[in-house]
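Q:
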Amino acid sequence: MTNNLVTDSARGKALVETLGDRPVALLRGHGNVVVGPDLRRTVSRAIYTEVNARMLLQAVMLGGPITFIDPRKAS
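Residues 796 to 870 (the numbering used here) make up the sequence shown, in order.
#1: Assign VAL829 to buried or exposed, taking buried as 16 or more other Cβ atoms, counted over all protein chains shown, within 10 Å of its Cβ.
#2: Determine the extent of the alpha helix (DSSP H) in which VAL801 is found, giving its start and end residues.
#3: DSSP three-state label for VAL838, please.
#4: Give me, in chain order, the residues of the same chain whose beta-carbon lies closer than 7 Å to that of THR844; leave out the 5 immediate sequence neighbours on both sides.
#5: If we call anything under 8 Å between Cβ atoms a contact, is LEU814 one with VAL801?
As structure tokens, this is what we get:
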């Protein structure tokens, strides 16, 4: 079994590089990492990341095409 948890400085550095200027990184098999300028924004992002993931799962289960937002229009 592969451990993808951040348990040392090398993995911490890799996570920082992955996040870059983005607020969320997904950790395969371990949920996500969320950052923000303050606690309120960080918790809000964490909650909505979970809500959006559940909604996407439900949409996929319904079948049919899914139209994603153009990344240039999402920011």
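Quick reminder that beta carbons are idealized off the backbone N, C-alpha and C, glycines included.
Please read all numbers here as calculations on a predicted model, not as lab measurements.
A: In short:
#1: Flag for VAL829 reads buried.
#2: That residue, VAL801, is in no alpha helix (DSSP H); it is neither H nor E in DSSP.
#3: Reduced to three states, the DSSP call for VAL838 is helix.
#4: Excluding sequence neighbours, THR844 sits near VAL819, ASN827 and VAL829.
#5: No.
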